Amino acid sequence: MSNPLVHLNHVIIYVDEPTRSAIAQSAFMKNEFAAFEAAAVAIEDGGGWSGLYIDGEQTYVEIFGPSQASENGHTAGDASVCLGVGHAGGLKEACVLLGDITAPDLVKRQISSQEIPWFHYVDLDDAVVPGSLFTASIIEYDQHFLRNSRPGLIAGEEGITRKQYNAVRYQPGRYLKDIIEVTLALAADEAARFGRQLAALGYVEASEGETKTFSSQQLILRVMPRTALLQGVVALKLSLLRKKEGETIYRFGEGSVLRFDDEHTASWLFGHALE
Numbered sequence: 000m001s002n003p004l005v006h007l008n009h010v011i012i013y014v015d016e017p018t019r020s021a022i023a024q025s026a027f028m029k030n031e032f033a034a035f036e037a038a039a040v041a042i043e044d045g046g047g048w049s050g051l052y053i054d055g056e057q058t059y060v061e062i063f064g065p066s067q068a069s070e071n072g073h074t075a076g077d078a079s080v081c082l083g084v085g086h087a088g089g090l091k092e093a094c095v096l097l098g099d100i101t102a103p104d105l106v107k108r109q110i111s112s113q114e115i116p117w118f119h120y121v122d123l124d125d126a127v128v129p130g131s132l133f134t135a136s137i138i139e140y141d142q143h144f145l146r147n148s149r150p151g152l153i154a155g156e157e158g159i160t161r162k163q164y165n166a167v168r169y170q171p172g173r174y175l176k177d178i179i180e181v182t183l184a185l186a187a188d189e190a191a192r193f194g195r196q197l198a199a200l201g202y203v204e205a206s207e208g209e210t211k212t213f214s215s216q217q218l219i220l221r222v223m224p225r226t227a228l229l230q231g232v233v234a235l236k237l238s239l240l241r242k243k244e245g246e247t248i249y250r251f252g253e254g255s256v257l258r259f260d261d262e263h264t265a266s267w268l269f270g271h272a273l274e
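Residue numbers are given in numbering that gives the first Met the number 0: position 23 of the sequence shown equals residue 22, and the series is strictly consecutive.
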């Protein structure tokens, strides 16, 4: 199995309001399943967003409802995959592998009235017309962000790896460890472009009927054709820290189901993937 330069950082999923509200109000999600936060993020020049954050050790899920989605030109069913690198200069190395890609941009986060360099990023979908249902990017955290935003860190805690970034929120006493598989339903042009990019970055490609898989040591990305009923992120496979006893199926409105499959994994389904 390959060990690419880039790994999954987080997944953004846009859902309808009943689904978002059900997730936000779920006592199990907030208190037992994983580190959970409803947070507002402020960035430079008055920008920002608010969403639901479900954090694992190295990856996380970001949920947006309609009000947050509309601010970014999205609707329910849209999705984004954010990949990341774990060492300084890794983003430039990824850009070399990808070839025809724009230069990285910098995002600054506003913390206590200060704008602090947060991460550098490149979009992987510059050629897509506005209104695309799927977007992807690669980020590299600024090497000084943790030190500047979290005073009191000791040596070894202030790098740019996903684990170091998530450490302040991660809850090892809960169930979620990490996202290990992402299933996407994409339009043909989106699937072709993203597939080429993943292959260039070192993911191993294989076909399962109409579905293509792109695999590394830590992650499997499944890409299937988008239909009238399936679009964006349709399923996440999650690794668990411990076995779930008792209830094993949790429904959030009509748009999402979390199902514990066995003692090691759970599946989180969205939209018409529930049927």
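No residue lacks a Cβ here, since even glycine has one placed at the ideal position from N, Cα and C.
Since the model is a prediction, treat every value here as computed from it, not as a measurement.
Which two residues bound the contiguous alpha helix (DSSP H) that contains residue i?
{"i": "residue 32", "result": "Run containing residue 32: none; DSSP gives neither H nor E here."}
{"i": "residue 177", "result": "Unbroken run through residue 177 is the beta strand (DSSP E), 175-185; no alpha helix (DSSP H)."}
{"i": "residue 161", "result": "161-165"}
{"i": "residue 97", "result": "89-97"}
Pop quiz: residue i and residue j are said to be a contact at Cβ under 8 angstroms. What is the actual Cβ separation, rounded to whole angstroms?
{"i": "residue 138", "j": "residue 81", "result": "6 angstroms"}
{"i": "residue 239", "j": "residue 265", "result": "6 angstroms"}
{"i": "residue 254", "j": "residue 60", "result": "Not confirmed; about 14 angstroms, so no contact."}
{"i": "residue 35", "j": "residue 249", "result": "Contact doesn't hold; Cβ gap of about 13 angstroms is too wide."}
{"i": "residue 6", "j": "residue 83", "result": "6 angstroms"}
{"i": "residue 118", "j": "residue 141", "result": "6 angstroms"}
So for residue i, helix, strand or coil by DSSP?
{"i": "residue 2", "result": "coil"}
{"i": "residue 204", "result": "strand"}
{"i": "residue 241", "result": "coil"}
{"i": "residue 19", "result": "helix"}
{"i": "residue 235", "result": "strand"}
{"i": "residue 196", "result": "helix"}
{"i": "residue 260", "result": "coil"}
{"i": "residue 171", "result": "coil"}
{"i": "residue 116", "result": "strand"}
{"i": "residue 84", "result": "coil"}
{"i": "residue 75", "result": "coil"}
{"i": "residue 149", "result": "coil"}
{"i": "residue 61", "result": "strand"}
{"i": "residue 45", "result": "helix"}
{"i": "residue 188", "result": "helix"}
{"i": "residue 227", "result": "coil"}
{"i": "residue 9", "result": "strand"}
{"i": "residue 25", "result": "coil"}
{"i": "residue 55", "result": "coil"}
{"i": "residue 50", "result": "strand"}
Tell me whether the beta-carbon of residue i lies closer than 8 angstroms to the beta-carbon of residue j.
{"i": "residue 182", "j": "residue 221", "result": "yes"}
{"i": "residue 236", "j": "residue 56", "result": "no"}
{"i": "residue 230", "j": "residue 76", "result": "yes"}
{"i": "residue 39", "j": "residue 23", "result": "no"}
{"i": "residue 78", "j": "residue 133", "result": "yes"}
{"i": "residue 164", "j": "residue 145", "result": "yes"}
{"i": "residue 12", "j": "residue 232", "result": "yes"}
{"i": "residue 123", "j": "residue 131", "result": "no"}
{"i": "residue 8", "j": "residue 258", "result": "no"}
{"i": "residue 218", "j": "residue 179", "result": "yes"}
{"i": "residue 252", "j": "residue 21", "result": "yes"}
{"i": "residue 4", "j": "residue 114", "result": "no"}
{"i": "residue 215", "j": "residue 1", "result": "yes"}
List the endpoints of the continuous beta strand (DSSP E) containing residue i.
{"i": "residue 106", "result": "104-110"}
{"i": "residue 139", "result": "133-140"}
{"i": "residue 222", "result": "219-224"}
{"i": "residue 248", "result": "248-251"}
{"i": "residue 214", "result": "210-214"}
For residue i, verify whether its CB is less than 7 angstroms away from any heavy atom of the ligand ZN.
{"i": "residue 74", "result": "Of the ligands one can find in the structure shown there are none, so the ligand ZN has no counterpart to examine."}
Does the region 235-252 touch the region 196-211, meaning 3 or more C-beta pairs lie closer than 8 angstroms? no
Specify whether the region 168-175 and the region 109-124 touch according to this definition: at least 3 beta carbon pairs, one from each stretch, less than 8 angstroms apart. no
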